[in-house]
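Numbering (our numbering), first residue to last: 157 to 468.
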């Protein structure tokens with residue numbers, strides 16, 4: 157397999173964590189860490205590079221403030237933007253981050269017209285739609301990171317409640333990346349056993365609520381920032397699935413054209429990831445309750461999406 161260049165725009169906590177996790181996966185030739193602040197991407201790239209012999213990877217890392225150094229990127233990860241603070245919703249970031257993300261999209265596309273975008277900047281459902289809108293790229297080449305992280309959080313809380321290995325819980329969270337995300341309880345298992353056979357319904361609903369507030373819980377502890385370890389690894393897993401053409405099934409923010417009865421927006425659904433990006437959306441029958449929750453999530457996204465309709 158041809159190894160590739162991946163650019164990460166934004167060398168903050170999330171961007172640097174993506175760079176480190178992806179470097180340690182040893183599946184790309186080069187990672188370019190780009191930021192507007194002089195010295196920050198250079199220092200972080202060098203710091204990660206100096207761990208190569210210890211972590212046994214050969215990925216090259218470059219830190220830069222110049223978009224020209226990103227030319228020819230197979231994947232571009234956009235983490236740039238303002239992070240949440242206590243009391244803020246992801247939607248509170250919309251206007252500020254929209255201007256940043258639109259500008260980044262144009263700069264990257266001018267140098268890497270064949271790139272695949274993974275969007276992380278919040279509110280991610282809307283920012284992903286903005287990148288798709290501004291870039292004019294085919295829908296499979298623009299996706300957002302949300303469901304991988306939300307699912308990981310959900311699986312963590314379930315495993316701790318069951319008292320089993322984190323690795324033995326399988327679940328899926330769909331919908332928007334916020335209070336209206338939809339953890340699918342009926343599909344969640346621990347070692348193949350349905351969790352509804354193991355955990356009382358009332359407790360499961362508490363886990364759902366904690367998952368929906370997972371990001372806010374971490375913000376409340378950190379005070380001055382938001383989560384970055386789990387989000388960073390989530391992005392790295394998505395990038396690895398693409399560059400290795402592994403056809404991994406991951407819940408991602410993707411463009412919907414009738415799947416699950418929803419059209420005209422981008423939101424979290426199960427996707428097959430490979431060299432072409434989102435190669436397939438895996439649609440399946442929802443219960444009446446699940447469909448209502450997905451439609452409510454879609455309505456919220458559609459309302460917020462109106463604010464970026466005129467961006468080009």
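Heads up, the beta-carbon is just placed ideally off N, CA and C, and yes, glycines get one too.
Computed from a prediction, not measured in an experiment: that's the story for all the values here.
State the DSSP-derived secondary structure class of residue 355, mapped to helix, strand or coil.
coil
On the DSSP letters alone, give me the boundaries of the alpha helix (DSSP H) that residue 283 sits inside.
280-291
Beta carbon of residue 287 nearer than 8 Å to that of residue 280
no
Quick one: Cα of residue 393 to Cα of residue 386, how far?
11 Å
Does the Cβ of residue 157 have 16 or more other Cβ atoms within 10 Å, making it buried, or fewer, making it exposed?
With a pLDDT of 38 at residue 157, under the threshold of 50, the modelled position of this residue cannot be trusted, and the question is left open.
According to DSSP, simplified to helix, strand and coil, what is residue 408?
strand
Using a Cβ distance threshold of 8 Å, determine whether the region 374-385 contacts the region 267-276, with at least three qualifying pairs required.
no
Check whether the region 440-449 and the region 352-372 are in contact - that is, three or more C-beta pairs closer than 8 Å.
no
Between the Cα of residue 178 and those of 208, 452, 436, spot the shortest distance and give me the residue it belongs to.
208
Grab the span of the beta strand (DSSP E) containing residue 189 for me, first residue to last.
186-190
Here's the rule: buried if 16 or more other CB atoms are within 10 angstroms of the residue's CB, otherwise exposed. What is residue 466?
exposed
Give every residue of the same chain whose Cβ lies closer than 7 Å to the Cβ of residue 428, excluding the five residues on either side of it in the sequence, and list them in chain order.
403, 405, 435, 436, 438
Residue span of the beta strand (DSSP E) that contains residue 427, given as start and end:
419-430
Residue 370: first and last residue of the uninterrupted alpha helix (DSSP H) it sits in
370-378
Residue 266 in three-state terms, based on DSSP
helix
Going by DSSP, which residues form a beta bridge with residue 273?
232, 298
Mind checking residue 238: buried by the 16 CB within 10 Å criterion, or exposed?
exposed
May I have the straight-line CA-CA distance separating residue 162 from residue 358, to the nearest angstrom?
44 Å
Does the count of Cβ pairs from the region 453-462 and the region 414-434 closer than 8 Å reach three?
yes
First and last residue of the beta strand (DSSP E) that includes residue 339?
337-339
Can you give the beta carbon distance from residue 446 to residue 338, rounded, assuming they're within the 8 Å contact cut?
6 Å
In whole angstroms, what separates the C-alpha of residue 274 from that of residue 222?
20 Å
Residue 190: which of 202, 410, 181, 255 sits nearest, CA to CA?
202
Helix, strand or coil at residue 346 [DSSP, three-state]:
strand
Within this structure, are the beta carbons of residue 290 and residue 170 separated by less than 8 Å?
no
Distance CB(residue 336)-CB(residue 452) smaller than 8 Å
yes
Please return the same chain residues whose Cβ sits closer than 8 Å to the Cβ of residue 218, not counting the five positions on each side in sequence.
186, 187, 188, 189, 201, 225
Exposed unless 16 or more other CB atoms sit within 10 angstroms - verdict on residue 183
buried
Burial state of residue 174, where buried means 16 or more other Cβ atoms lie within 10 Å
buried
Should residue 211 go down as buried or exposed, given a rule of 16 or more other Cβ atoms within 10 Å for buried?
exposed
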